Amino acid sequence: MAFSLTVNGNRHTVDVDSDTPLLWVIRDELGLKGTKFGCGAGLCGACTVHVNGQPARSCSTAIELVDGAEITTIEGLSEGGNLHPLQQAWISEGVPQCGYCQSGQIMTAAHLLANNPSPSRDDIVAAMTGNLCRCGTYARIVAAVESVAGSVGHYQPGQEGA
Amino acid sequence: MTMNRRDFMKVSTGASGSLVLALSLPGCASVQTGFEPETGEWTPDVWLELNKQDEITFTLARVEMGQGTYTGLTTLIAEELDVDPARIQVKFAPVAPEYRNPFIGLQLTGGSTSVASSWQPLREAGASARLMLVMAAARVWGVDANNCRTDNGRVLHPNGVDSLRYGQLVELADKEVIRGDVPLKPRSEWKYIGKQAGKLDARAKATGTAVYGIDVELPGMVYAVMTRSPRYGGRAQSFNRDEILAMAGVQAAFITERGVAVVAGSYWKARKAQQAVRVEWDFSEALDTTVDEVFEGYRKAASEDPGEQERSEGGVDEAISKAGRVVEAEYEQPYLAHAPMEPMNATAWYHDGGMEIWAPTQAPDLGRIAACRNSDLSPDDVTVHTTFLGGGFGRRLTQDYIEEAAAVAYELKVPVKLIWSREEDMRHGFWRPAMLHRMTASLDGADLTGWDHQIVGPQVLDWYVRNAAPAQYPWAPKFLYNTLGKVGLMVEGLATPKDVSAIEGAIGYPYQVPNVSVRHTHTDPGVPITWWRSVGYSHNGFAVETFMDELAHEAGQDPLEFRRKLLAREPRHARVLERAAELAQWGTSLPEGRARGIALFQSFGTYVAQVVEAGIENGEIRVYKVTASVDCGQVVNPRIVEDQISGGILFGLTAALFGEITFNKGEVQQSNFHDYRLLQMHQVPEVVVDIVDSDEAPTGVGEPGVPPVIPALGNALFALTGKRQRRLPLAA
Ligand code: FES
Ligand code: FES
Chain A
1 MAFSLTVNGN
11 RHTVDVDSDT
21 PLLWVIRDEL
31 GLKGTKFGCG
41 AGLCGACTVH
51 VNGQPARSCS
61 TAIELVDGAE
71 ITTIEGLSEG
81 GNLHPLQQAW
91 ISEGVPQCGY
101 CQSGQIMTAA
111 HLLANNPSPS
121 RDDIVAAMTG
131 NLCRCGTYAR
141 IVAAVESVAG
151 SVGHYQPGQE
161 GA
Chain B
1 MTMNRRDFMK
11 VSTGASGSLV
21 LALSLPGCAS
31 VQTGFEPETG
41 EWTPDVWLEL
51 NKQDEITFTL
61 ARVEMGQGTY
71 TGLTTLIAEE
81 LDVDPARIQV
91 KFAPVAPEYR
101 NPFIGLQLTG
111 GSTSVASSWQ
121 PLREAGASAR
131 LMLVMAAARV
141 WGVDANNCRT
151 DNGRVLHPNG
161 VDSLRYGQLV
171 ELADKEVIRG
181 DVPLKPRSEW
191 KYIGKQAGKL
201 DARAKATGTA
211 VYGIDVELPG
221 MVYAVMTRSP
231 RYGGRAQSFN
241 RDEILAMAGV
251 QAAFITERGV
261 AVVAGSYWKA
271 RKAQQAVRVE
281 WDFSEALDTT
291 VDEVFEGYRK
301 AASEDPGEQE
311 RSEGGVDEAI
321 SKAGRVVEAE
331 YEQPYLAHAP
341 MEPMNATAWY
351 HDGGMEIWAP
361 TQAPDLGRIA
371 ACRNSDLSPD
381 DVTVHTTFLG
391 GGFGRRLTQD
401 YIEEAAAVAY
411 ELKVPVKLIW
421 SREEDMRHGF
431 WRPAMLHRMT
441 ASLDGADLTG
451 WDHQIVGPQV
461 LDWYVRNAAP
471 AQYPWAPKFL
481 YNTLGKVGLM
491 VEGLATPKDV
501 SAIEGAIGYP
511 YQVPNVSVRH
521 THTDPGVPIT
531 WWRSVGYSHN
541 GFAVETFMDE
551 LAHEAGQDPL
561 EFRRKLLARE
571 PRHARVLERA
581 AELAQWGTSL
591 PEGRARGIAL
601 FQSFGTYVAQ
611 VVEAGIENGE
621 IRVYKVTASV
631 DCGQVVNPRI
641 VEDQISGGIL
651 FGLTAALFGE
661 ITFNKGEVQQ
671 SNFHDYRLLQ
681 MHQVPEVVVD
691 IVDSDEAPTG
701 VGEPGVPPVI
711 PALGNALFAL
721 TGKRQRRLPL
731 AA
């Protein structure tokens, strides 16, 4: 079946089974490999993307439910070559270890900041706690988010109405 | 080509005049190095290339799985070459015999050896290249090389005005011959080693551009999934092949050694078709174990077989029989999964008579063997490209996922990506073994006079040697592989190193006690096992340091004081213990409902003491703070040490609080992160990592954070509740 979606500002039409998870459409049909597969069951957050401005577990979101939606992936955060302030913070804080969970972590944090530019530590933990990191980078994630909290008011993720 | 710097480095001219240094990392005495003195044969381990465009490439024989190898090793070269580490491009080495890890003798990354084994030679390589460039510049200028300095990729003329870029000098530099030792920078002049340098791969990982195994994409690639026996060792006999082949999008379906493969044009189509697969299994050799039987078996073995004596001092039996007081305890630890965030996967392509593999593997050498196991190929026909690893923790030392992808690719002759689901990852693992420990000690007043530690359970090498042996004997014909595995076991200590995986950490018992006995009762229930972050230290740490706490309590002493007085001859142990206690304000009062526990454990040459502050809230264990003091010798990158130690602490806490894989009639009962839980952000304690300033050679940091945190938490809970927990995971 054909579905259309806008990913990082680009319109695409894909022909896949209607129950195909958005994750595999993004990764394998559109070739955007930054969004990761961790559990396939909504339990880890590695596959987090924004759907119409809301964070979603793309592994558990069937394509038929997002037909026509606006999607932002990790690749879309830094469009135009400018890193998102969170990505910059991730680099200066040296957050990633193996790095596999980090796209999902950043997408969750980006949504938090888009809605609450100055979150408290509790706000950060509450928003992020569903994103697992087996390497245990949590403290650096909090530090990175805190380092940009309050300074990202200018940021609007591409095409999102967050 | 000039032979240079004793026998472990070669200088040559690369493509378009670049300067290439190839070096072989020297190993410890018992393990082979790149240089064979008898034959004069020589194979390098690492390549450093500088070209005329000032591009510097470092080809790395270790894989990056998050433990900071990429940054750490590059920093060593950069320091002596005198360039910013960020300017060096790192490439992962494809597998070839020349990429062997000197401490282990195979190309694999594990055992926290990367920085330790590369410390000296990489600095010497950087220094040699720099010296050759300086000598070349001095020759151009007609000045004394001793008066030239370097700065971030340039050689500076003594006149303070002129300078030459390294790139301008590479073509001249390879003619320079260094005589004698290359001087290394004194510590006081380090610019990059030991400084809070960033991580070189952080940008790729923060922008989603780092390529992991699962991200590999090849033209015409198809997707495979494998249905494996629900019980380890079961074999597929038949399945509803016609029905599966008739399903939409399915391109192939067949039985392999590992189970039933289903291949489709997309991952999702393959997965959906898999749900309809019905297999007749031959369970005649399959695992039939239930977890309680494992421990029953261990108890029986412990009583019948006193075990191999692994350490013995004084006379423990006599000390115990004469003792004023004898204390006994038995500890149990469950099977544990690695659960790295990136599920197992591999991509394979059989073409032109050879097999190419792309995989996130910790042991590409073994990947080659796995890739040819089910075909007429030999390891020489296999090339393994390693990618970034989404976590390893030991799981990716076992190459079953490469074997599977290769088996499918061999049939299909098109590129195949095989991906495991998380459920498959959880159920078809190789586990940290379940273990039983029987401890007996004698106390004379408050003095510990005897220590008897009986370790009961399997050892990892038994499961590993079958896979590893052929890589250690690359000349052996393939039909000998299974035999080699068995021979490797029989002549343990000769063909393979002695397997200390069950006893490590126990035989190194550091406390000064006159009568010590450590025994291993070797019994293997047939559950597949492998190395797991910190291996034997992970279970011995819990047994030894919990028992020490029990003994302190029995002796009526403070647990810190009790340990301290037994460490007079172990200054490095004593120092981290003191520092952790002081930083954590050991002995001061805490808010109601909280208590502290302490533990000390050395692993992989690194000394770690930890104090855990914990309580119980709403029926759940809460860990508030972990203070760790670490002595890992010289520090290459403090940030990475901090990350690895605190990452190890969270890994250990996850095991202590939640970790347990159980079997029912041979089937694993856990399936995903809801029933094999990982620590989440809201459960994370404050972690303080204190690094001891040291001049000793650097030691590993990837694993040593794990062992002490488990007993330290248990000891804190005992201090809180007065109830001793002797099995893991801990209960509230
Ligand atoms: S992969 Fe989607 S939540 Fe884990
Ligand atoms: S950095 Fe490895 S899982 Fe988060």
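The listed protein sequences correspond, in order, to chains A and B. Start counting the first sequence at 1; every next residue gets the next number (UniProt numbering). Start counting the second sequence at 1; every next residue gets the next number (UniProt numbering). A virtual CB, placed ideally from N, CA and C, is assigned to each residue, including glycine. Since the structure is predicted, the reported quantities are computational estimates derived from the model, not experimental observations.
Cross-chain neighbours of I74(A) in chain B, by beta carbon under 8 Å
By Cβ distance, chain B contributes T207 and G208.
Sorry if obvious, but does the Cβ on Q362(B) come closer than 7 Å to a heavy atom of ligand 2?
No, the beta carbon of Q362(B) sits no closer than 7 Å to any heavy atom of ligand 2.
What are the partner residues of P355(B), as DSSP defines its beta bridges?
Checking the sequence shown, residue 355(B) turns out to be Met, not Pro. Paired residue(s): Y350(B) and V382(B).
Count the other CB atoms within 10 Å of the CB of R179(B); is the residue buried (16 or more) or exposed (fewer)?
Looking at its Cβ environment, which holds fewer than 16 other Cβ atoms inside 10 Å, R179(B) is exposed.
So S517(B) is in the beta strand (DSSP E); what residue range does that whole segment cover?
The continuous beta strand (DSSP E) containing S517(B) extends over residues N515 to H522.
If you measure from the beta carbon of L657(B) to each beta carbon in chain A, is any gap under 8 Å?
Closer than 8 Å to the CB of L657(B) there is not a single CB belonging to chain A.
For P343(B), verify whether its CB is less than 7 Å away from any heavy atom of ligand 2.
Taking the Cβ of P343(B) as the reference point, every heavy atom of ligand 2 lies at 7 Å or farther away.
For T256(B), list the residues DSSP reports as bridge partners.
The beta-bridge partner set that DSSP reports for T256(B) consists of G259(B).
Give the straight-line distance between the Cα atoms of H351(B) and R373(B), rounded to the nearest whole angstrom.
H351(B) and R373(B) have their C-alpha atoms roughly 17 Å apart.
Please classify L169(B): does DSSP put it in a helix, a strand, or coil?
Annotated three-state conformation of L169(B) is helix, per DSSP.
Taking a Cβ distance cut-off of 8 Å, strictly less, list which residues of the segment 112–128 of chain A are near chain B, in chain order.
For the segment 112–128 of chain A, which is checked against every Cβ of chain B, the residues closer than 8 Å are V125, A126 and M128.
Rounded to the nearest angstrom, what separates R165(B) and Y192(B) at their Cα positions?
Their backbone Cα atoms lie some 20 Å apart in a straight line.
Can you tell which of L728(B), N637(B) and I320(B) has its C-alpha closest to the C-alpha of G700(B)?
Ranking the options by Cα distance to G700(B), first place goes to N637(B).
Could you give the distance in angstroms between the alpha-carbon of Y223(B) and the alpha-carbon of R27(A)?
So the alpha carbons of these two residues sit roughly 13 Å apart.
With a threshold of 8 Å between beta-carbons, can A62(A) be considered close to chain B, or not?
Chain B, which has no Cβ nearer than 8 Å to the Cβ of A62(A), makes this no.
The segment 712–730 of chain B / the segment 124–139 of chain B touching (three or more Cβ pairs under 8 Å)
Output reads no: the segment 124–139 of chain B does not touch the segment 712–730 of chain B.
Return no unless some Cβ of chain B is closer than 8 Å to the Cβ of T13(A).
No, T13(A) does not count as interfacial toward chain B.
Which of the three DSSP states, helix, strand or coil, is assigned to L156(B)?
In the structure shown, L156(B) sits in a strand (DSSP, three-state: E or B).
Residues near A446(B) by beta carbon distance below 6 Å, same chain, minus five either side:
Cβ contact annotation for A446(B) (same chain, cutoff 6 Å, sequence separation greater than five): A555 and Q557, in chain order.
Measure from the alpha carbon of V535(B) to the alpha carbon of each residue in R149(B), Q333(B) and K91(B), then state which is nearest.
For V535(B), the closest alpha carbon among the candidates R149(B), Q333(B) and K91(B) is that of Q333(B).
How is R569(B) classed by DSSP in three states: helix, strand or coil?
Annotated three-state conformation of R569(B) is coil, per DSSP.
Pull up the distance between the alpha-carbon of P21(A) and that of L657(B), whole angstroms please.
One Cα belongs to P21(A), the other to L657(B), and the distance between them is close to 33 Å.
On a Cα-Cα basis, can you pick out the residue from I88(B), L76(B) and V630(B) that is closest to L577(B)?
When each option's Cα is compared against that of L577(B), the closest is V630(B).
Check whether the Cβ atoms of T13(A) and V49(A) sit closer than 8 Å, and answer yes or no.
No, the Cβ-Cβ distance between T13(A) and V49(A) is not below 8 Å.
Any chance the CB of L30(A) is under 7 Å from a heavy atom of ligand 1?
Result no, Cβ not under 7 Å from ligand 1.
Given that a residue counts as buried once 16 or more other Cβ atoms are within 10 Å of its Cβ, and exposed if not, what is N345(B)?
Buried is the call here.
In the DSSP assignment, find the alpha helix (DSSP H) that holds H553(B) and state where it starts and stops.
V535 to E554 is the extent of the alpha helix (DSSP H) around H553(B).
In chain order, what residues of the segment 400–425 of chain B put their CB closer than 7 Å to some CB of chain A?
Hits within the stretch, in order: S421 and R422.
Under 7 Å Cβ-Cβ, which residues of chain B neighbour R134(A)?
Chain B residues near R134(A): A339, P340, M341, G391 and L678.
Could you tell me whether the Cβ of I255(B) comes closer than 8 Å to any Cβ of chain A?
For I255(B), the answer is no, since every Cβ of chain A falls outside 8 Å of its Cβ.
Please determine, among T546(B), E570(B), R639(B) and D643(B), the residue with the shortest C-alpha to C-alpha distance to G597(B).
Here the closest residue by C-alpha is T546(B).
By the three-class DSSP mapping on this structure, what secondary structure does V576(B) have?
DSSP places V576(B) in helix when its eight states are reduced to three.
Under 6 Å Cβ to Cβ from W451(B), same chain only, skipping five residues before and after it: list those, please.
Sequence-distant Cβ neighbours of W451(B) in its own chain, meaning closer than 6 Å and more than five residues away, are A441, V513 and V516.
Considering only heavy atoms of ligand 1, does any lie closer than 7 Å to the CB of C98(A)?
No; taking the cut-off as 7 Å, the Cβ of C98(A) has no heavy atom of ligand 1 nearer than that.
Distance between L112(A) and G265(B) (C-alpha atoms, nearest Å):
Using only the alpha carbons, I get a separation of about 37 Å.
Going by C-alpha distance, which of A261(B), E217(B) and L200(B) is nearest V225(B)?
Selected option, being the one with the closest Cα: A261(B).
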